[in-house]
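The structure appears right after this line, and notes come after that.
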Amino acid sequence: MAIYCSNCGAELPDGVAYCDACGSPVRGQNRSTFAAPQPQASPVSQAQPQAAPIGSVACPVCGAAALPGEAFCDNCGAALLAPASFVSSEPSPQPVQQQVVQPAPSYSSSPMGSSYTPIYQAPPATASLVVSNPPPPATIPVPARAELIVGRSDPQSNSYPDVDLGPYGGLDLGVSRRHFRLTRNGDQFYIEDLGSVNGTVINGQRIQPHALQPLRPGDRVLLGKMELVFDLS
Numbered sequence: 055m056a057i058y059c060s061n062c063g064a065e066l067p068d069g070v071a072y073c074d075a076c077g078s079p080v081r082g083q084n085r086s087t088f089a090a091p092q093p094q095a096s097p098v099s100q101a102q103p104q105a106a107p108i109g110s111v112a113c114p115v116c117g118a119a120a121l122p123g124e125a126f127c128d129n130c131g132a133a134l135l136a137p138a139s140f141v142s143s144e145p146s147p148q149p150v151q152q153q154v155v156q157p158a159p160s161y162s163s164s165p166m167g168s169s170y171t172p173i174y175q176a177p178p179a180t181a182s183l184v185v186s187n188p189p190p191p192a193t194i195p196v197p198a199r200a201e202l203i204v205g206r207s208d209p210q211s212n213s214y215p216d217v218d219l220g221p222y223g224g225l226d227l228g229v230s231r232r233h234f235r236l237t238r239n240g241d242q243f244y245i246e247d248l249g250s251v252n253g254t255v256i257n258g259q260r261i262q263p264h265a266l267q268p269l270r271p272g273d274r275v276l277l278g279k280m281e282l283v284f285d286l287s
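Numbering (the numbering used here), first residue to last: 55 to 287.
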């Protein structure tokens, strides 16, 4: 006749020692709560474990035979089913990939082989003063300096200008020892009278002493009676 577990109320077959649902011992329990009174059986000693028959399983604690699928041993109450392994539903975290910052590329400032084309820079222009009067005409190269003095040399006063007009009749024609200053800025030239006795006349216009005046190619410069033509090539 079926009995019921006093702990969980599960229906159990007669003769089991432990509840298959919760593992509570059922031998010696008061069965009046769940089943009709039964005649008391004479007390017997706890059943000795029997060898597991074919098709059954053995209790890992006492070795008693148990039916496959039972949760607890009927002899000692030991758990027969291994607990299910816990499987997390959350996805496993992915390893964080560290971003590698690449260094900025460096570029060489040197020319790249034959593909490099240098920028052509024209050489500075060459200036000259052409003596047009007195004849015959004579060309005097102007030194490539940022500033120079034009006049006539005078050894007695130790005067030696950068451009000497003495060999071209400067003394007789009224050229002063330090007649004018010629200043260069790139290819632009300026003329400045240095307070000469006869003054400096550009294209028929007398310029003020110690004042810069632009000088262009083809301008005629009169120093007393000597005439010069400024040339730039």
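All C-beta atoms, glycine included, are put in the ideal place defined by N, C-alpha and C. On a predicted model such as this, the values are computed, not experimentally measured, just so you know.
For residue i, the residue or residues it bridges with in DSSP
{"i": "A71", "result": "The partner list for A71 (beta bridge, DSSP) is empty, contrary to what the question assumes."}
{"i": "A112", "result": "A119"}
{"i": "L236", "result": "L202 and I245"}
Three-way DSSP call (helix, strand, coil) for residue i in this model
{"i": "Q242", "result": "strand"}
{"i": "S211", "result": "helix"}
{"i": "S99", "result": "Only weak support exists for where S99 lies, its pLDDT of 43 falling under 50; the coordinates are left without a value."}
{"i": "P221", "result": "helix"}
{"i": "A158", "result": "coil"}
{"i": "S139", "result": "With a pLDDT of only 44 at S139, under the threshold of 50, the placement of this residue in the model should not be trusted; the figure read from the coordinates follows. Of the three classes helix, strand and coil, the one that applies to S139 here is coil, per DSSP."}
{"i": "I261", "result": "coil"}
{"i": "A119", "result": "strand"}
{"i": "E65", "result": "strand"}
{"i": "S60", "result": "coil"}
{"i": "P79", "result": "strand"}
{"i": "Q175", "result": "coil"}
{"i": "V251", "result": "coil"}
{"i": "A133", "result": "strand"}
Host alpha helix (DSSP H) of residue i (start-end)
{"i": "D226", "result": "G224 to L227"}
Limits of the unbroken beta strand (DSSP E) element including residue i
{"i": "D285", "result": "M280 to L286"}
{"i": "I203", "result": "E201 to G205"}
{"i": "A181", "result": "A181 to N187"}
{"i": "Q267", "result": "Q267 to L269"}
{"i": "T193", "result": "A192 to P195"}
{"i": "V275", "result": "R274 to L277"}
C-beta contact flag for residue i and residue j at 8 angstroms
{"i": "E246", "j": "H264", "result": "yes"}
{"i": "C303", "j": "L134", "result": "Here the chain comprises residues numbered 55 to 287, so residue 303 is not present and cannot be evaluated."}
{"i": "R231", "j": "G205", "result": "yes"}
{"i": "T254", "j": "L227", "result": "no"}
{"i": "Y58", "j": "A64", "result": "yes"}
{"i": "R274", "j": "N257", "result": "yes"}
{"i": "T180", "j": "S287", "result": "yes"}
{"i": "V217", "j": "V251", "result": "no"}
{"i": "V184", "j": "D285", "result": "yes"}
{"i": "F126", "j": "D74", "result": "yes"}
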